[in-house]
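Let me begin by presenting the structure, written as structure tokens, before commenting on it.
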Amino acid sequence: MRHTISILVENEFGVLSRVAGLFSGRGFNIESLCVAETEDPQVSRMTIVTSGNDQIVEQILKQLNKLIPVLKVVDFTGTDTVDRELVLVKVKADNDTKPEVLRLIDIFRAKIVDVAPRAYTIEMTGGEGKVNAFLQMLRPLGIKDIVRTGKVAISRGM
Amino acid sequence: MQMTGAEIFVRTLADLGVETVFGYPGGAVLHIYDALFQHTKVRHMLCRHEQGAVHMADGYARASGKTGVCLVTSGPGATNTVTGIATAYMDSIPIVVFSGQVPTLLIGNDAFQEADIVGISRPCTKHNYLVKEAKDLPRVIKEAFYIASTGRPGPVLVDMPKDVLVSSARYVLPDKVDVRGYKPNYEGHPKQVESAMRMLLSSERPVVYAGGGVILSNASAELSELTRALSLPITTTLMGMGAFPGSDPLCLGMLGMHGTYQANMAISNADVILAVGARFDDRVTGKIDEFAPHAKIVHIDIDPTSIQKNVRVDVPIVGDLKDVLRKMIKSAKGRKDVAAFREKTSEWREQLADWAKTHPLSYKPAKDKIKPQYVVEQIYRITKGNAIITTEVGQNQMWAAQFYTYDKPRTFLTSGGLGTMGYGLPAAIGAQVAMPGRLVIDIAGDASIQMNIQELATAVQFGVPVKVVILNNRVLGMVRQWQELFFQGKYSETIQPKIPDFVLLAEAYGAKGFRATKTEEVASVLKKGFAAEGPVIIDVEVDPEEMVYPMVPAGAPLTKMLLV
Ligand SMILES: Cc1ncc(C[n+]2csc(CCOP(=O)(O)OP(=O)(O)O)c2C)c(N)n1
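From first to last, the protein sequence lines are chains A and B. Quick note: the first sequence, position 35, residue 34 per numbering that gives the first Met the number 0, numbers continuous. Quick note: the second sequence, position 127, residue 126 per numbering that gives the first Met the number 0, numbers continuous.
This is the structure:
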């Protein structure tokens, strides 16, 4: 099962490798990992997407909690959250493909952020499904490069 | 007042009450050694290898309950500590290791004697630090000691770049430690405690399974009180030896791979297991799917990650054992069903006593050969159980666990989790430094002792009177045993054709050496050796073919024991 785990940590060097080491030390894959400062500059938030059986994930959550610079760990799986991912994609844009690319940008509410003679660089944010769908539509038109941030998530409401 | 980082370092240790530092100098920590020179409060003991220094700090900690301290230089000095750190980590021993580091500006440049020890030690420390400014030293050091010794204890490493030690700052030692991400939970939940009591008292075949956590939390008295109040049979892990008096009739001895018949049968037939400060290690459980098939499990541990890790637990209790056991004792005192419970479980205790009688720990004496078990029995007889025993790893370790009876905590020091050969001698030195009045004996194998034999020089230099008894079978005994049982007796590289003359070797180091070659002389040679002043090696030529029994083959259930 797939889990989205949100971790508040002290914003100090080495924390990332401590957290990542917990996963790698158990032969566990991290699908995506995002980290940046929060409203408190001394604290960072990491969002990690991973998968594994419940017992292993429970063990990882406990181990994460045990790390000294870790302040809080929440498993968002099955809870009400908003999540987003940002993708930058460079697509071929010649006279044949341009109209279709522009149409897709419009439909998916994406944005062109750089224009070159034969390529557009497009920015798009959305849930994982939307990002995947967008990329799938662009693919036949000629994708040159993709960068995705991986998921960030926050709990809903309050 | 302005001081250098090195002076701040020494001052902080002194102010925190550190008396002894085990260490080895080098370029990156020269300024510390300069500050230590003729320092009166903090004594430095020069070891002969950094691994030895860490094991000494570890032995010091296990014997005394205080935090052990060690100091090494950067690069090779730091990497030499890794085995010792991992040993302490696996057994949850509070030590703080200070390492020198190349100057901040050179870090990451493959500088001379640079190693990323913070990175290397990350998976085997409870926490570690790279100190970036001299002014941070007192806070970091205080935190390091706090983290090492509280909650589930463990090793902490503090890496100190040379420029930090040279630069100056004002010395301010904070009054309090506040690490916001670290708040160990000491208090067991009262509701859970009640559920545990109910489950326990509803059982007919209860067993207590006690581990090293009992010793770490100084909860032996509480464990004994509860166990006796309810007449609960109790088995201990290798790490739990001495947590409950081994000579008490309720004690079933050790369980697991080389555990006693009655302990393994007790676990396999129990209907409720009360696990206290133990972690269901695979050397204990045998084949995990067939471990304690009929039992409900109550598990008390300070570390939530230990619970539900290897086995399914019915009543988990996170908290300090001392606190939880006190609550259980209190609950037991208030209950009316205790007498009936003792009555109801008496048949079970009779069954266990019967198993103990039909399958005791034993060995076959031989006329012309010294049996290693006999040697351990004699050590027990001569010391009347009053010694602190350390061990190396292998058969020696198992015989020391089986044939010596430990009635008190902190009297059996062994590398349980990592199984580190070379642990026993330096650990004995550390224990002896912590407990100067006690008789400290390393029960050793001829191979293991050669892994840190150089520490004999440390013992001689500082007049630390440890006694080493080598059960010299001239082979890598435990490995040979596996080859005999599981590899058709093909003794690949386990016979040591060249073994030093340990008596001469002892003398070469300035220690005393004794030897026993016949069963009749064992007792008198041991007595002479223990009575001799200063460090001593007693080389006992034992039967090389002797095996450790009972044995549960790796991956087999506990009931499938090979017996003598
Ligand atoms: C550092 C290290 N290397 C290898 C081993 C694997 N090992 C376990 S027991 C053993 C043999 C120990 O022989 P010895 O010290 O003579 O003790 P004996 O079993 O004969 O009592 C070995 C090699 C280990 N535990 N530790």
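The beta-carbon is built from N, C-alpha and C at its ideal position, and this holds for glycine as well.
Sub-8 angstroms separation of residue i and residue j beta-carbons
i, j, result
"B/I301", "B/D313", "no"
"B/G180", "A/L63", "no"
"B/G285", "B/L557", "yes"
"B/V275", "B/V207", "yes"
"B/Y278", "B/L249", "The question names Tyr, but residue 278 of chain B in the sequence shown is Arg. Not in contact: B/R278 and B/L249 (Cβ atoms no closer than 8 angstroms)."
"A/D79", "A/M0", "no"
"B/G245", "B/D406", "yes"
"B/A541", "B/L470", "The question names Ala, but residue 541 of chain B is Val in the sequence shown. Closer than 8 angstroms, so yes."
"B/A430", "B/G58", "yes"
"B/M477", "B/Q394", "yes"
"B/V9", "B/L29", "no"
"B/V463", "B/V432", "yes"
"B/I564", "B/E224", "Only positions 0 to 563 of chain B appear in the structure, and residue 564 of chain B is not among them; the question remains open."
"B/I306", "B/A291", "no"
"A/G51", "A/F75", "no"
"B/Y170", "B/T124", "no"
"B/H293", "B/N268", "yes"
Proximal residues to residue i (C-beta, below 6 angstroms), its chain only, five neighbours per side dropped
i, result
"B/F340", "L200"
"B/L475", "A446, T493"
"B/T103", "P160, D162"
"A/V130", "E84, V86"
"B/Q575", "Given a span of 0 to 563 for chain B in the structure shown, any question on residue 575 of chain B remains unanswerable."
"B/W398", "P371, Q372, V375"
"B/E362", "Just to set this straight, residue 362 of chain B is Tyr in the shown sequence, not Glu. K370, Q372, listed in sequence order."
Residue closest to residue i, alpha-carbon to alpha-carbon, out of the options
i, options, result
"A/I121", "A/R155, A/D105, A/K97, A/A109", "A/A109"
"B/A143", "B/P154, B/G384, B/K134", "B/P154"
"B/V535", "B/I442, B/E520, B/K517, B/R479", "B/I442"
"B/G418", "B/P152, B/W481, B/D90, B/K370", "B/D90"
"B/D367", "B/E520, B/F486, B/S414", "B/E520"
"A/G13", "A/I153, A/G149, A/P68, A/R83", "A/P68"
"A/Q41", "A/D105, A/G77, A/G24, A/N10", "A/N10"
"B/T3", "B/L15, B/A168, B/L70", "B/A168"
"A/E38", "A/V8, A/I59, A/T148, A/M123", "A/V8"
"B/M546", "B/F411, B/R479, B/Q50", "B/R479"
"B/L70", "B/G99, B/A87, B/I92", "B/G99"
"A/L60", "A/I145, A/I142, A/S5", "A/S5"
"B/E132", "B/A209, B/A5, B/A338, B/A87", "B/A5"
Residue burial classification, residue i (beta-carbon count within 10 angstroms, cutoff 16)
i, result
"B/V468", "buried"
"B/K372", "A quick correction: the sequence has Gln, not Lys, at residue 372 of chain B. Buried."
"B/L562", "exposed"
"A/T49", "buried"
"B/S116", "One point to set straight first is that residue 116 of chain B is Ile, not Ser, in the sequence displayed. Buried, since its Cβ has 16 or more Cβ neighbours within 10 Å."
"B/V62", "Before going further, note that residue 62 of chain B is Ala rather than Val in the sequence given. Buried, because 16 or more other Cβ atoms sit within 10 Å of the Cβ of B/A62."
"B/T11", "buried"
"A/I153", "exposed"
"B/E506", "exposed"
"B/H298", "buried"
"B/Q396", "buried"
"B/M240", "buried"
"A/A94", "Checking the sequence shown, residue 94 of chain A turns out to be Asn, not Ala. The residue in question, A/N94, is exposed, as its Cβ has fewer than 16 Cβ neighbours within 10 Å."
"B/F243", "buried"
"B/Q50", "buried"
"A/Q135", "exposed"
Own chain residues within Cβ distance below 7 angstroms of residue i, not counting five before or after
i, result
"B/E203", "D270, K343, T344, W347"
"B/V95", "T66, V68, A143, F144, A147, V155, V157"
"B/W354", "Y260, Q261, M264"
"B/Q482", "G488, K489, Y490, S491, T493"
"A/T148", "C33, E84, L85"
Same chain, Cβ closer than 8 angstroms to residue i, neighbours up to 5 away in sequence not counted
i, result
"B/I440", "I378, T382, A386, I387, I388, T389, A427, V465, K466, V467, V468, F529"
"B/C46", "F21, G22, Y23, A52, M55, P425, E454, T457"
"B/Q191", "V314, P315, I316"
"B/E18", "K40, V41, R42"
"B/M48", "Reading the sequence as shown, one finds His at residue 48 of chain B and not Met. Closer than 8 angstroms at Cβ, skipping near neighbours: Y23, N79, N451, Q453, E454."
"A/K150", "T3, S31, C33, T46, V48, D82, R83, E84, E127"
"B/L351", "P232, L251, Q261, M264, A265"
At 4 residues or longer, and completely inside the segment 46 to 75 of chain A: list those alpha helix (DSSP H) runs for me, N to C. The segment 46 to 75 of chain A contains these whole alpha helix (DSSP H) runs: 53 to 65.
Fully enclosed by the segment 125 to 209 of chain B, which beta strand (DSSP E) runs are 3 residues long or longer? Taking 3 residues as the shortest admissible run, the segment 125 to 209 of chain B contains the following complete beta strand (DSSP E) segments, listed from N- to C-terminal end: 126 to 129, 154 to 160, 167 to 169, 205 to 209.
To test your reading of the DSSP string, which unbroken alpha helix (DSSP H) runs of 4 or more residues are found completely within the segment 258 to 282 of chain B? Whole alpha helix (DSSP H) segments, 4+ residues: 260 to 268.
At 4 residues or longer, what runs of the alpha helix (DSSP H) sit wholly inside the segment 344 to 423 of chain B? Runs found: 345 to 357, 371 to 382, 394 to 402.
Would you mind listing the beta strand (DSSP E) stretches within the segment 435 to 511 of chain B that are 3+ residues and don't spill past its ends, in chain order? If you keep only unbroken beta strand (DSSP E) runs of at least 3 residues inside the segment 435 to 511 of chain B, you get 439 to 444, 466 to 471.
Enumerated in chain order, which unbroken segments of the alpha helix (DSSP H) with a length of 4 residues or greater are wholly contained in the segment 68 to 124 of chain B? Segments of the alpha helix (DSSP H) lying fully in the segment 68 to 124 of chain B: 75 to 78, 81 to 89, 116 to 120.
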